[in-house]
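4 protein chains.
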Amino acid sequence: MIRVGIINVTGYAGAELARLLFTHPEAQLVSVSGRSRAGKPLAEVFPHLACYDLMIEPEMGEVDFVFSALPHAASAEALAPLARAGLPVVDISADFRLRDPREYAAWYGGEHPAPDLLAQAVYGLTELNRGAVRAAKLIANPGCYPESALLALAPAVKAGIIGPEIIVDSKSGISGAGRTLGLTYHFAEANESVSAYGLDGHRHLPEMVQELARMWPPTEAPQPFDFTQDRPFDFAQGRPPSPRVTFTPHLIPMSRGILSTCYAPLVPGRLPVDEATKEQIRDLYREFYQGEPFVRVVDSPPSTKQTQGSNLCLVYPTADIRAERLVVVSVLDNLVKGAAGQAIQNMNVMLGLPETMGLETPALYP
Amino acid sequence: MIRVGIINVTGYAGAELARLLFTHPEAQLVSVSGRSRAGKPLAEVFPHLACYDLMIEPEMGEVDFVFSALPHAASAEALAPLARAGLPVVDISADFRLRDPREYAAWYGGEHPAPDLLAQAVYGLTELNRGAVRAAKLIANPGCYPESALLALAPAVKAGIIGPEIIVDSKSGISGAGRTLGLTYHFAEANESVSAYGLDGHRHLPEMVQELARMWPPTEAPQPFDFTQDRPFDFAQGRPPSPRVTFTPHLIPMSRGILSTCYAPLVPGRLPVDEATKEQIRDLYREFYQGEPFVRVVDSPPSTKQTQGSNLCLVYPTADIRAERLVVVSVLDNLVKGAAGQAIQNMNVMLGLPETMGLETPALYP
Amino acid sequence: MIRVGIINVTGYAGAELARLLFTHPEAQLVSVSGRSRAGKPLAEVFPHLACYDLMIEPEMGEVDFVFSALPHAASAEALAPLARAGLPVVDISADFRLRDPREYAAWYGGEHPAPDLLAQAVYGLTELNRGAVRAAKLIANPGCYPESALLALAPAVKAGIIGPEIIVDSKSGISGAGRTLGLTYHFAEANESVSAYGLDGHRHLPEMVQELARMWPPTEAPQPFDFTQDRPFDFAQGRPPSPRVTFTPHLIPMSRGILSTCYAPLVPGRLPVDEATKEQIRDLYREFYQGEPFVRVVDSPPSTKQTQGSNLCLVYPTADIRAERLVVVSVLDNLVKGAAGQAIQNMNVMLGLPETMGLETPALYP
Amino acid sequence: MIRVGIINVTGYAGAELARLLFTHPEAQLVSVSGRSRAGKPLAEVFPHLACYDLMIEPEMGEVDFVFSALPHAASAEALAPLARAGLPVVDISADFRLRDPREYAAWYGGEHPAPDLLAQAVYGLTELNRGAVRAAKLIANPGCYPESALLALAPAVKAGIIGPEIIVDSKSGISGAGRTLGLTYHFAEANESVSAYGLDGHRHLPEMVQELARMWPPTEAPQPFDFTQDRPFDFAQGRPPSPRVTFTPHLIPMSRGILSTCYAPLVPGRLPVDEATKEQIRDLYREFYQGEPFVRVVDSPPSTKQTQGSNLCLVYPTADIRAERLVVVSVLDNLVKGAAGQAIQNMNVMLGLPETMGLETPALYP
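Written as structure tokens, this is what we have:
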């Protein structure tokens, strides 16, 4: 039995990790830490976790595997000694996602707390990076928005069928903002309302751009549709070609779920532009995600509710033939596939366990 | 592996059974039937059940255990031959809940389709009736409202501390009304609104009254606080004393969950009437439910969200000292502890499996 | 044109006053004050009030009429000098609702800031107290819960048809908790959930009891059904007979609206106990509220949405014949009839304006 | 007093017209018709309209002005004789929005019922077409989605600062789907969920394209920023340049409101591309909408709740400087500015009344 710890269990991502781990056959949650709530029983802070008989401790106990659900900066600080000591860790914060510490400084406002670890950190979007995850000791778990956008766009990007003028319009439930108090998240303000935010630049944007850039095929020679290899990212090679992404997140009056609607121009000449295109694109996506347990290419537009509480991402690719544009809709549960479930999936792969272990419960519907 | 079938999988209770059975270690769903959707894949009707590769059939296939999620009348008709053939069945409809076929006719408007089976049917509120469930072949799964009210009131009734003037004020999410279409359940009508219904008599009332009456102690000699025995119901003995219950259900703008607030006068002289009373009542409830895996007596008022997707019922008993009244708040998920989860709990007990098998996932929160 | 001021415009009740006054033909909002937001334009704090060109001031300007939407204690302190100077005021806080300063101290935890003004304060439930409101200079605007319960129960109490064992089970939207931040009101926590609160005694309870007691008929000689007179409350006469009220408020995942379900035993012998009773009770209520512009006795159970944004209270009285109990359901918008609309209705009556002026907009539906 | 009639009052747009007309000082609703509910009191079908003492009739009575809230095709059929007889009418259906009957046939599946009237019909987006509305007798009231997109894009299009590659990503409350029953709109299905629909082409797309094309400046000579003239549409001149619009509507779990996020490339060289661009664009929009009572250019991203129940459209224009893209967010209430309020605004202009008459109530917030 693997002894697992969660640093900062008191937010939604931490609590969701605890919930999912409860039924994991090979991992046992043995230590949870938290800052403000240290000394209280986990069951008091989260009554739905009364199944656990654990106290929230000020510091991590003895464990074999650690998840950090701390905010950025604090997370790297807490994980650095553990990672340096060789403990396998998954960081749910943003600290190890951006490869370039200058980007980190620009978007997160401060020097990176552990730049020496960046080279060994692996971006943990398992489906796109499985080989590297398998070998990693330090995983940067993806942001919830990038997760939804990258899974939606990867097959098209790698197939070279779209140009770099990309728009990602995302709709997120309010748990995405965390458990922090704020007037924006007051029920009476958020209910019966939609709004856009982050219009001057959301921190998940550079993460999307970095990962899209990595998978972008050389322009002179578009790839054949071969999705079988992990392409290693060689940062020393210099900046890859930059997709021009506009990303707009929106707050939706629901607790969980992200739907991203992604738009990009179809590259002329790569696909016929008629009604058959849609089916060809769907085939391309099906082939790309064939055998993936947690990504399903679906035949009709999905709803976020179909993934509530589950580790699935549903992807619906189609095209606007009139405007010669790819349109892909993806949905996932921001706290599961967008955070805690993805983190456990990474743990499974890192530890050589079956990738789906502990993550097989179907979505809660309705 | 027990081969399980669901008759009428196409409503919310049927789909929830399928969801919960997917991770049950000893039961395998092998056959699902439905009327209007026969011939379609289950995954098409319910995309969140795409984990199953099952077609909806017009008739049940070969199985070892059957759940019926048909509407009343149709359910008894479908189950009668199976039950007579000795197949163990759990009926989620109301057909076998009322012991007296005249009551059934009065409330459900028609002759009972299988009155001969009523004598062998067991009311499947496991916590209050475990011995009988263990021996039963035909279980009448409780209604969601009675489940919440009976678990809230049983300890007080059996202890003889309350009088029969009972009010049950229940608040239910809209999935309780099923998947049927109706203007009342249209999102734009139901959202941002609360309403009462069933004020001229809801069908769950006689079920509450029947079961409360069964557990009522003889008035001349109030029971000592001894909760250890199942009291068998002897209908031939004539009508038990009738609690006078007013039951008002309300529609709440949420998908899942029932909260019942139950009121009854404290019998003078049984408990001191001061602030200590509350703690005494809480102790009494804790003792009553000691060791129960699915009923938790809690120390502060619970919210339905704490049980979302789980088989738990949380009970918060207290007293209004000024008015000398017991007040008990109970919460549960109407589709799990109020329907499908309770049904699987009954199956586990009937088959001699661990009672909690397949039902241990913590609630989805938030 | 009457120059109107609002003290503490920055909460929901204050903002709702401003919204409703905008279309009032005879009153003009000329001054708004607020504590933390002083110096900001009203339109910045509340974008939906951009129709106003007003700054939030630290102190009230020159006005003819004042509403206070301050919290209790602060409100009496701010209003006392104005009231003593003879300015007509409506206090939306609880400060002048309880006649007995000892009750105030017991429930609100502190000496009353202006006990000398209690004698002249009038409880502003216009429908039940119109004569006194007309003559008053200082109005205690009712609490939202008491408003809904008193309008539901007054006809039955005054007619002497119910006994004093009363249960008020109320369901409120979350704006009732104000604009203050708190984990309970975080969208992700409050959404998809119902919970009870205030089980150890809510501050609106003594207000309900006080006003019900005032209208209670002498037990020895039940009143004939004559609803034409205001019965003046003579506190010096000693405490009136005390109804025994249990009041349980619940938080509902919606922004606005209160539904109260009120239960009381029918006094034996006052009404026949058969199906005709319901219609007789409805007639009694219709007669009681005949000609009232803002209370409608309805023929089927109402929903809170039918009153959204309007000053209406809908009342549905019925009976549980089996249990010989009166059941009354009332609905209103907690911010309008339960606060700001009721306050303006009182202003209209105090100033001799038509009672409905500025309050005639139908509810927003859906 | 203008006697007004509503054909098909039984949907949400019809009921909203009735609600808004109740407080209109110069118009009186005297006749309402409906198909299935003819013979019933309006107050029974819509309890929130109990302020009206009107029966739903099978046919329109004697009136001076007519609104039709019938579905497409039926609407043109009902209005054609009235329009030919010279009665001023506003059609809320889509029947007179598309100028080319072939487009109508292609998108609405049938011959246009009254093609002879198309030439005289005026597209009633008052802000963009005021002169023509003033002179019109037959108004095609805009669709709710085009209303939100056109108000968001018009200033940029007319100023020639954007290219034709336009994406409109809209989020709508569920009342937009009407009062018709459907599983998609069942509360338990729609709640806690977001989904995209109409991905194969929504009927509001050709309407957007047509109106954007009309306002598009000749490419060879971009217009100076002069917004003062209505540009008459001369269909005989041949098809105007076609913007390539991708439009994706989404269903949001709320009753009312539309938020559209609109994207288009900034034309190189028209504006500097740096942080100052955003303010310049905002200035351009402010100038464009200067003096408009119902369109407000706002300084921070708006929420739909800020327009709930009001006739306002809030527009927030900005730019993604990195990607050289215009991003505009607009919000409105789909039943008011997106339907009934816009219709009354048109009526006011047609009849020479003050444009804001009866439409001044601030939004209901929260």
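Taken in order, these protein sequences are the chains called A, B, C and D. Numbering follows my numbering, with no gaps: position 133 of the first sequence is 123. Numbering follows my numbering, with no gaps: position 354 of the second sequence is 344. Numbering follows my numbering, with no gaps: position 227 of the third sequence is 217. Numbering follows my numbering, with no gaps: position 161 of the fourth sequence is 151. Cβ coordinates follow ideal geometry from the N, Cα and C atoms, glycine included. Just so you know, these numbers come straight off a predicted model, no measurement behind them.
Candidates the options, of which the one nearest residue i by Cα
i, options, result
"P207(C)", "E269(C), H192(C), I151(C), V123(C)", "I151(C)"
"Q298(B)", "I271(B), R246(B), V305(B), M340(B)", "R246(B)"
"P233(D)", "H240(D), S138(D), A203(D), V257(D)", "A203(D)"
"Q200(A)", "V263(A), A180(A), R92(A), I(-3)(A)", "R92(A)"
"L107(C)", "L115(C), W97(C), K127(C)", "K127(C)"
"T294(C)", "G172(B), L140(B), H240(B), D90(B)", "H240(B)"
"D266(A)", "A329(D), D190(D), V339(D)", "The residue asked about is misnamed: residue 266(A) is Ala in this sequence, not Asp. Ranking the options by Cα distance to A266(A), first place goes to D190(D)."
"E47(B)", "C41(B), A33(B), E67(B), A28(B)", "A28(B)"
"M50(B)", "F36(B), G24(B), M(-9)(B)", "G24(B)"
"P78(D)", "P356(D), A333(D), Y355(D)", "A333(D)"
"Y355(B)", "L325(A), N338(A), M340(A), M337(A)", "L325(A)"
"A130(A)", "R(-7)(A), E6(A), T0(A), S65(A)", "S65(A)"
Distance CB(residue i)-CB(residue j) smaller than 8 Å
i, j, result
"M205(B)", "A144(B)", "yes"
"T251(A)", "A186(A)", "no"
"L304(B)", "V318(B)", "no"
"L10(C)", "L349(C)", "yes"
"A59(A)", "I(-3)(A)", "yes"
"I248(D)", "S165(D)", "no"
"L115(D)", "P103(D)", "no"
"R124(B)", "V339(B)", "yes"
Beta carbon proximity, residue i to chain A, threshold 8 Å
i, result
"P344(B)", "no"
"L7(C)", "no"
Test: residue i CB closer than 8 Å to a CB of chain D
i, result
"L274(A)", "no"
"D310(A)", "yes"
"I416(A)", "Any question about residue 416(A) goes unanswered here, given that chain A covers just -9 to 356."
"A330(C)", "no"
Residue i at chain C interface by Cβ criterion, 8 Å
i, result
"E350(D)", "yes"
"H240(B)", "yes"
"H102(A)", "no"
"A243(B)", "Here residue 243(B) is Pro; the residue named in the question, Ala, does not match the sequence. Interface residue, yes."
"A96(D)", "no"
"V(-1)(B)", "no"
Residue i at chain B interface by Cβ criterion, 8 Å
i, result
"S138(C)", "no"
"R234(C)", "yes"
"A313(C)", "yes"
In chain order, each alpha helix (DSSP H) run of at least 4 residues that lies wholly inside the stretch 280 to 341 of chain A:
331 to 340
Note down, one range per segment and in chain order, each beta strand (DSSP E) of at least 3 residues found wholly within the stretch 94 to 156 of chain C.
111 to 113, 128 to 130
Got a sec: which bits of the stretch 10 to 24 of chain D sit with their beta carbon under 8 Å from any beta carbon on chain C, in order along the chain?
F12, T13
Scan the stretch 25 to 46 of chain B for residues whose Cβ lies nearer than 7 Å to a Cβ of chain D and list them as they occur along the chain.
none
Along the stretch 71 to 92 of chain D, where does the CB come closer than 9 Å to a CB of chain A? Name the residues.
none
Any residues in the stretch 159 to 189 of chain D with a beta carbon nearer than 7 Å to a beta carbon of chain C? Which ones, in chain order?
S165, E182
Taking only beta carbons into account, state which residues of the stretch 245 to 264 of chain C come closer than 7 Å to chain A, listed in chain order.
S245
Which runs of the alpha helix (DSSP H) fall wholly inside the stretch 32 to 101 of chain C and span at least 4 residues, in chain order?
32 to 35, 64 to 74, 91 to 98
Quick one, which residues of the stretch 292 to 304 of chain A are near chain D if we go by CB-CB under 9 Å, in chain order?
P292, S293, T294, K295, Q296, Q298
Please go through the stretch 234 to 276 of chain B and give each complete beta strand (DSSP E) segment of 3 or more residues, from N-terminal end onward.
234 to 241, 248 to 255
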